[in-house]
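As they're listed, the protein sequences go chains A and B. Okay, so the first sequence: first residue is 452 according to my numbering, each after it adds one. Okay, so the second sequence: first residue is 31 according to my numbering, each after it adds one. Only one structure is covered here, and it is reproduced in the block below.
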Amino acid sequence: MTEAQVLSRERPTFAEIFAAHYSAMVRLAGLLGADDPEDIAQESFARLHLRQARLRDDAAAVPYLRSTVCNLTRNRIRHLRIVRLRRPDPPPPERSGEQTFLLAERHRDLLAAVDRLPRRQREALVLRYWLDLSEREIADAMGVSPGSVKSHTSRAIAALGRALKEDSDD
Amino acid sequence: MIEDDLRDALRARASTYEVSPHAWLEVRRRAARSRRLRWTLLAAVPLATGAVLAGIPLVVTHGGPDAVTGATTAVSGEPTPTYKDAYAAGVAENPPIGETLTLVNPADGKSMLLWFARAKAKGAAGFADLCSATQLSSGGTIGSCAYDSRNPAHTGEVGWYVGGTDGMLPRPGKLITYGAARDAVTKVEAVADDGSRFPGTIYRPKGAPLAIWTVSYPAQAKLTAYELSGAGEKVLQRVKTDPMPVPGSTAEPVGPAAKLGGGVTARLHRDQSLVWRQDGKVVALFVVASTPQIEPGETLADALKGNRRPVMSRFTHDRWLGYARAGTGRVVLTFKDGTSIEADAMPDPWGGDAVLFSAPYAHEGDIYAEGYVITGYDRDGGEVWRDEAKPVSDLWASPAPGDPAFSGPAGQTGPPRWR
Numbered sequence: 452m453t454e455a456q457v458l459s460r461e462r463p464t465f466a467e468i469f470a471a472h473y474s475a476m477v478r479l480a481g482l483l484g485a486d487d488p489e490d491i492a493q494e495s496f497a498r499l500h501l502r503q504a505r506l507r508d509d510a511a512a513v514p515y516l517r518s519t520v521c522n523l524t525r526n527r528i529r530h531l532r533i534v535r536l537r538r539p540d541p542p543p544p545e546r547s548g549e550q551t552f553l554l555a556e557r558h559r560d561l562l563a564a565v566d567r568l569p570r571r572q573r574e575a576l577v578l579r580y581w582l583d584l585s586e587r588e589i590a591d592a593m594g595v596s597p598g599s600v601k602s603h604t605s606r607a608i609a610a611l612g613r614a615l616k617e618d619s620d621d
Numbered sequence: 031m032i033e034d035d036l037r038d039a040l041r042a043r044a045s046t047y048e049v050s051p052h053a054w055l056e057v058r059r060r061a062a063r064s065r066r067l068r069w070t071l072l073a074a075v076p077l078a079t080g081a082v083l084a085g086i087p088l089v090v091t092h093g094g095p096d097a098v099t100g101a102t103t104a105v106s107g108e109p110t111p112t113y114k115d116a117y118a119a120g121v122a123e124n125p126p127i128g129e130t131l132t133l134v135n136p137a138d139g140k141s142m143l144l145w146f147a148r149a150k151a152k153g154a155a156g157f158a159d160l161c162s163a164t165q166l167s168s169g170g171t172i173g174s175c176a177y178d179s180r181n182p183a184h185t186g187e188v189g190w191y192v193g194g195t196d197g198m199l200p201r202p203g204k205l206i207t208y209g210a211a212r213d214a215v216t217k218v219e220a221v222a223d224d225g226s227r228f229p230g231t232i233y234r235p236k237g238a239p240l241a242i243w244t245v246s247y248p249a250q251a252k253l254t255a256y257e258l259s260g261a262g263e264k265v266l267q268r269v270k271t272d273p274m275p276v277p278g279s280t281a282e283p284v285g286p287a288a289k290l291g292g293g294v295t296a297r298l299h300r301d302q303s304l305v306w307r308q309d310g311k312v313v314a315l316f317v318v319a320s321t322p323q324i325e326p327g328e329t330l331a332d333a334l335k336g337n338r339r340p341v342m343s344r345f346t347h348d349r350w351l352g353y354a355r356a357g358t359g360r361v362v363l364t365f366k367d368g369t370s371i372e373a374d375a376m377p378d379p380w381g382g383d384a385v386l387f388s389a390p391y392a393h394e395g396d397i398y399a400e401g402y403v404i405t406g407y408d409r410d411g412g413e414v415w416r417d418e419a420k421p422v423s424d425l426w427a428s429p430a431p432g433d434p435a436f437s438g439p440a441g442q443t444g445p446p447r448w449r
């Protein structure tokens, strides 16, 4: 379970939505490759606040957040890619001992392969296997058709399989 | 299975992303910036008595054209601070189109000035912003020009919400909200969740491009929408209320809530918010900071020391509450007429080396205009400190009692005078 549910019969307030979903949105941005996941999440919530009254219903708030996190992360990565054309990559961020422990050995190759996936394939995988969203929900978040989701997901899984096989062959 | 490994791996990586304890404050700041994009001026507001408008603590120094908010600190014993005039600065930067409207804030009888100005934001050329300058009862003024970045032309709308005192802390007993309306709108009513209705007023300042609607209502009412009606009382549009984020804090509490009696609690959070609730409802908020920059981990004692004050307090419509130097056993608030109220102090439960207090408050008249003194006593009854709040003068003339609003001519050099 990655997102807490807002258990309220009344319309959830913005503060309640924030409390229930903020950390999940930070994590989503991080898993999608954002260099500053909190910045992406905070901007997404600020935009939600601006639009909340115009959303079609209360249930639309979280899908709106997911979609905004995807879009903002995508834009941010694109921006960074352009910036990096002009200067060398910074050194990778140092991870704490605890973080290193959490990312057990068996996950490292897999996650490295995820990081190398094309952007759309990575989005589809994270939304499918971390948030457990349906194809329709993933399509809404990515702004593509359900058919594209299916195709991105299957290609991504195939690419991961190939990458892991290559790693084990080395 | 690669899918199962992928789930585990993503879950493990997700758990490594940490969340800032200041996230809620930052989101509120961004949300407010989106809504009220251009602040014209934030005039001097004493931190000790300053209000929190729209859920934003007044903690950033020196307001400017792009500042979210601003504050300076009044030091006990120094001369009364000189307040800048947000209206004068506002119209200098955003000249009025048509007359300026003067409203009466139902909470304190102070003036609120509203005027239209040419929109300056990118993509908003040819449209008008509704600007405001509000006089705070604690002294000083704040001003802003609001425009809707989503739809600056307000296509398809006959009226819209712009602002009001609905996000203000300490929570006033009566609130006023306002917005803009097109010519077709002849009536406005606020609708609450229990079905009660609060009729408002439509003003048409001479020469202004749009009308201004206002609604006053009791703070306990939970509004759901504003109804804008036209000819034949036909409802032309329902504007759903879009309240600012709840001005409390969702950051992790530093420790337990302090219970002060009378249903009042205080709780310090890791984002340095000291949130006061009465019967569960947020009634006041202090930002615990020794400087205009919020630093995590500062204690109440740090904030008092940094602001060179022995006490920080607020007045809600029926409560006086705050915190003071350690060693204080009792605090006494003395009004100009010599009458007083007092409260026992209790140590703050967060190890901050300060005390908390709260007492019922009722006072006829404007305590800020009169000035007041707060005195601290130790457990033995000896005076340990004294904090004098100098009288605060109104910057602008208020409309005459009984008259709800006034439109003054455009281009005048000062704020409109009631006549």
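Note that CB positions come from ideal geometry on N, CA and C, so glycine has one too.
Cβ-Cβ distance between residue i and residue j below 8 Å
i                     : j                     : result
residue 340 (chain B) : residue 319 (chain B) : no
residue 245 (chain B) : residue 230 (chain B) : yes
residue 138 (chain B) : residue 167 (chain B) : yes
residue 171 (chain B) : residue 163 (chain B) : yes
residue 558 (chain A) : residue 44 (chain B)  : no
residue 115 (chain B) : residue 351 (chain B) : no
residue 497 (chain A) : residue 491 (chain A) : no
residue 296 (chain B) : residue 363 (chain B) : no
residue 331 (chain B) : residue 342 (chain B) : no
residue 367 (chain B) : residue 329 (chain B) : no
residue 146 (chain B) : residue 160 (chain B) : yes
residue 494 (chain A) : residue 307 (chain B) : no
residue 604 (chain A) : residue 567 (chain A) : no
residue 144 (chain B) : residue 242 (chain B) : yes
residue 253 (chain B) : residue 211 (chain B) : no
residue 249 (chain B) : residue 473 (chain A) : no
residue 123 (chain B) : residue 238 (chain B) : no
residue 562 (chain A) : residue 615 (chain A) : no
residue 136 (chain B) : residue 204 (chain B) : yes
Option in the options with minimal Cα separation from residue i
i                     : options                    : result
residue 358 (chain B) : B:404, B:396, B:190        : B:404
residue 50 (chain B)  : B:121, B:173, B:302        : B:302
residue 574 (chain A) : A:478, A:559, A:500        : A:478
residue 264 (chain B) : B:271, B:287, B:188        : B:188
residue 365 (chain B) : B:150, B:389, B:391, B:402 : B:402
residue 219 (chain B) : B:367, B:31, B:407, B:270  : B:270
residue 513 (chain A) : A:489, A:591, A:586        : A:591
residue 224 (chain B) : B:204, B:251, B:234, B:233 : B:251
residue 202 (chain B) : B:314, B:291, B:46         : B:314
residue 370 (chain B) : B:59, B:393, B:221, B:386  : B:393
residue 470 (chain A) : B:57, B:344, B:287, B:211  : B:57
residue 388 (chain B) : B:332, B:294, B:409, B:410 : B:294
residue 407 (chain B) : B:373, B:186, B:334        : B:373
residue 262 (chain B) : B:222, B:306, B:216, B:131 : B:216
residue 345 (chain B) : B:417, B:140, B:391        : B:391
residue 46 (chain B)  : A:598, A:465, A:473, A:482 : A:482
residue 33 (chain B)  : A:616, A:608, A:465        : A:608
residue 206 (chain B) : B:286, B:192, B:288        : B:192
residue 379 (chain B) : B:298, B:254, B:399        : B:298
residue 564 (chain A) : A:606, A:529, A:593        : A:606
residue 25 (chain B)  : B:423, B:281, B:414        : Nothing about residue 25 (chain B) can be read from this structure; chain B reaches only from 31 to 449.
residue 518 (chain A) : A:599, A:616, A:602, A:593 : A:593
residue 581 (chain A) : B:415, B:42, B:194         : B:42
residue 523 (chain A) : A:587, A:476, A:598, A:569 : A:476
residue 235 (chain B) : B:126, B:419, B:268, B:118 : B:126
Residue i: CB within 7 Å of a non-hydrogen atom of the ligand SAM
i                     : result
residue 185 (chain B) : Ligands are entirely absent from the displayed structure, and the ligand SAM is therefore not among its contents.
Per DSSP, the bridge partner or partners of residue i
i                     : result
residue 146 (chain B) : B:160
residue 308 (chain B) : B:294, B:311
residue 386 (chain B) : B:353, B:376
residue 283 (chain B) : B:299
residue 228 (chain B) : B:220
residue 243 (chain B) : B:209, B:232
residue 248 (chain B) : B:204
residue 126 (chain B) : B:147
residue 288 (chain B) : B:296
residue 166 (chain B) : According to DSSP, residue 166 (chain B) bridges with nothing at all.
Chain D contact residues for residue i, given Cβ-Cβ distances below 7 Å
i                     : result
residue 474 (chain A) : Chain labels in this structure do not include chain D; the protein chains are A and B.
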